[in-house]
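Q:
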Amino acid sequence: MSAGQLFAPQALLPEGWAQDVLLEWDAGGDLVTVHPDADSTAATAAGVPQAAGPVLPGMPNLHSHAFQRGFAGLAEYRSVTHGDDPAGGDSFWSWRTLMYRFALRLSPDALEAIATQLYIEMLRAGYTSVCEFHYVHHDRDGKPYADPAEMSLRLLRAAKAAGIGMTLLPVLYQTAGFGAKPAQVDQRRFLNDTDAMLALLARLAPECAAHDARLGLAPHSLRAVPAESLSRAVAGLHAMDATAPVHIHIAEQQKEVDDCLAWSGVRPVEWLLDHAPVDGRWCLVHATHMDWDERRRLAHSGAVAGICPTTEANLGDGVFDAAPYLAQHGAWGIGSDSHASVSVTEELRLFEYGQRLGLQRRNVLASERHAQVADRLWLDAVAGGARAAARPVAGLAIGQRADFVVLDGHHPTLAGLDGPQALATHVFASHGHETLAEVRTGGTCRVQHGVHAQQADAGRLFAAARAHLMAD
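Everything in the sequence shown is counted per my numbering, starting at 257 for the first residue and increasing by one.
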């Protein structure tokens, strides 16, 4: 990396839009100057490059299962009814059976190829960092690799090759259902006891530091991690790093809520808030099915709700009831999860549109501070995603990473529009990455006009890996 500068006629700062913003970053990729109302003439005379359009903070992707990118699109057909499906037809549970079959074929080389392609796609879409919720740990027979960190290291290599920021979240997975139901045979690659997981975290800590990545923990879900293991694993993580993030799937499906009620007498989010030290270090992924009190308590905890609208739609999960949660000042961010779509704009757009469809109103998630829905969506998602990532990626501010995207003010879709209008059009009336002129991480340009330098090679390796997995 090297130090750099950019002059932005308009930039979206954490407090809102600003004019004539001088951005400067140091050789480590951190912002050292964010100066609104700078002298444009002086900047031009000094040779400071000028942005091609409005500058936005890069978007953190707070939830990713990288290997599932190789499976995306391959389960969009009516399958044989699965025994765990309460609806008697295709659902999340029947999709999960197909996904497990794909996961059982995965090799380390295939994972690295798929992840590299995915992370390049994320950058091209305007994601500048990713939280990788990683649970395929072992070899196909369920036994650990010679190096138990083998698969995790492949993800770190993929992120470095693509140039995306990484928060690595090894997943603790032990049981197949509430009440310590024994794990299924097709879950064998995911399983670790608590001591093995803590040893894996200790092994990965120096590797993450060397890759400029953040390390956290992902207890998979309340149905997959018994209470005692959850408590001990979180305590062990925070003994290593008191600020490390914790992510957990929760209340994604109504069946999960029903099973939790049968097991404990309370709903999943309520149980977690009662029994775990949930605070701003936590991200509750999906949290789709909450009652009013759970929404209130989650919002007040400081934890982040991880919303993945395209995956939640693809799997038929349900719609997060956003308006009352946001009214309580609840934190949230977006993730591409199973990668049915890899698009910042589609996640944000579908998040708002889901609320419109349910309430039969428009501009539901606008606020008193932000009349423009896109402004509110972008800034909230960046702030929540940064908290979930536990990395300094909270926007265009001194001390944060120089992770940003530049809208293409010369593109016909955006030409002649001011910053708020351009962002609204980018989110609600464009095809996503086509209106991006640049994507930078740590000040380094990774994508120009939709092109990443490694995308052709990565694409060939991805296609070959997927073909091999489908033929296996």
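Cβ atoms here follow ideal geometry from the backbone N, Cα and C, with glycine treated the same way.
1. Measuring alpha carbon to alpha carbon, tell me which residue in Arg444, Ser296, Thr544 and Ala366 is nearest Leu411.
2. If we ignore side chains and look at the alpha-carbon of each, how far apart do Val277 and Thr697 end up?
3. Would you identify the three-state DSSP class for Asn619, choosing helix, strand or coil?
4. Where does Lys399 sit, in a helix, a strand or coil, going by DSSP?
5. So what's Met315 in DSSP terms, helix, strand or just coil?
6. Since Ala721 contacts Gly303 with CB under 8 Å, what's their CB separation in whole angstroms?
7. Measure how close the beta-carbons of Ala489 and Leu447 come, nearest whole angstrom, since I'm counting them as under 8 Å.
8. Put Tyr383 into one of helix, strand or coil per three-state DSSP.
9. Could you tell me which whole alpha helix (DSSP H) segments of length 4 or greater appear in the region 630 to 704?
10. Could I get the ranges of all uninterrupted beta strand (DSSP E) runs contained in the region 513 to 557, with 3 residues as the minimum, in chain order?
11. With H, G and I counted as helix, E and B as strand and the rest as coil, what does DSSP make of His291?
12. Helix or strand or just coil, what does DSSP make of Gly339?
13. Whose C-alpha, out of Val707, Tyr609 and Asp728, is nearest the C-alpha of Ala685?
14. Which one or two residues does DSSP pair with Ser320 in a beta bridge?
15. Kindly indicate the opening and closing residues of the beta strand (DSSP E) around Gly562.
16. Contact check, Pro580 vs Trp548 under 8 Å by CB: the rounded distance?
17. Flag this pair as touching only if the region 284 to 299 and the region 646 to 666 have three or more C-beta atom pairs under 8 Å; answer yes or no.
18. Hey, how far is the Cα of Gly272 from the Cα of Ser350?
19. Are the beta-carbon atoms belonging to His595 and Ala414 less than 7 Å from one another?
20. Where does the unbroken beta strand (DSSP E) through Gln275 begin, and where does it stop?
21. Hey, Asp593 and Phe348 are a contact pair by Cβ (cut 8 Å); roughly how many whole angstroms apart?
22. State the CB to CB distance for the pair Val560 and Trp588, rounded to an integer number of angstroms; the pair is presumed to be in contact (CB under 8 Å).
23. Would you say Leu362 and Phe389 are within 7 Å of each other, going by their C-beta atoms?
24. Return the chain-ordered list of same chain residues with a C-beta closer than 6 Å to the C-beta of Gly665, the five sequence neighbours on each side being excluded.
25. Closer than 7 Å by C-beta to Gly223: which residues in its own chain qualify, once you throw out the five before and the five after it? Chain order, please.
26. At what residues does the alpha helix (DSSP H) containing Val490 begin and finish?
27. Whole angstroms is fine: what's the gap from Val600's alpha carbon to Ser487's?
28. Are there 16 or more other CB atoms within 10 angstroms of the CB of Leu615, so buried, or fewer, so exposed?
29. Where do the N-terminal and C-terminal ends of the alpha helix (DSSP H) with Gln710 fall, by residue?
30. Could you say which of Glu694, Leu554 and Gly640 lies nearest to Asn317 if we only look at CA atoms?
31. Looking at the unbroken beta strand (DSSP E) that takes in Ala264, where does it start and where does it end?
32. Would Ser477 and Thr450 be called neighbours here (beta carbons separated by less than 7 Å)?
A: According to the data block:
1. Checking every option, the nearest Cα to that of Leu411 belongs to Ala366.
2. Spanning the two alpha carbons is a distance of roughly 18 Å.
3. Coil at Asn619, not helix or strand.
4. Lys399: coil per DSSP, three-state reduction.
5. Residue state, collapsed to three classes: strand.
6. 44 Å between Cβ atoms; not a contact.
7. Between Ala489 and Leu447 the beta-carbon gap is near 14 Å, outside 8 Å, which marks them as no contact.
8. DSSP places Tyr383 in strand when its eight states are reduced to three.
9. Within the region 630 to 704, the alpha helix (DSSP H) runs of at least 4 residues that lie entirely inside it are, in chain order, 675 to 684.
10. Counting only runs of 3 or more residues that sit fully inside the region 513 to 557, the beta strand (DSSP E) segments are 538 to 542, in chain order.
11. Reduced to three states, the DSSP call for His291 is strand.
12. Note that Gly339 scores 48 on pLDDT, short of 50, meaning its location in the model is unreliable; the coordinates nonetheless yield the value given after this. Reduced to three states, the DSSP call for Gly339 is coil.
13. The shortest C-alpha separation from Ala685 is found at Tyr609.
14. Ser320 is bridged to Glu388 and Asp593.
15. Run containing Gly562: Val560 to Ile563, per the beta strand (DSSP E) assignment.
16. Right, their Cβ atoms sit about 7 Å apart.
17. Yes, they touch.
18. Taken atom to atom, the span from the alpha-carbon of Gly272 to that of Ser350 is near 44 Å.
19. Taking 7 Å as the Cβ cut-off, His595 and Ala414 do not qualify as a contacting pair.
20. From DSSP, the beta strand (DSSP E) with Gln275 extends over Gly272 to Trp281.
21. Rounded to whole angstroms, the Cβ separation of Asp593 and Phe348 is 12 Å, and the two are not in contact under 8 Å.
22. About 6 Å; that satisfies the 8 Å criterion.
23. Between Leu362 and Phe389, the C-beta spacing is not below 7 Å.
24. Closer than 6 Å at Cβ, skipping near neighbours: Ala308 and Gly309.
25. Residue 223 falls outside the range modelled here, since the chain spans only 257 to 728, and no answer is possible.
26. Note, Val490: alpha helix (DSSP H), Ala483 to Met496.
27. Rounded to the nearest angstrom, the two C-alpha atoms are 34 Å apart.
28. Classification for Leu615: exposed.
29. Careful: Gln710 lies outside any alpha helix (DSSP H) and carries neither H nor E.
30. Among Glu694, Leu554 and Gly640, the Cα nearest to that of Asn317 is on Gly640.
31. First-last of the beta strand (DSSP E) with Ala264: Gly260 to Leu269.
32. For Ser477 and Thr450, no; Cβs fall outside 7 Å.
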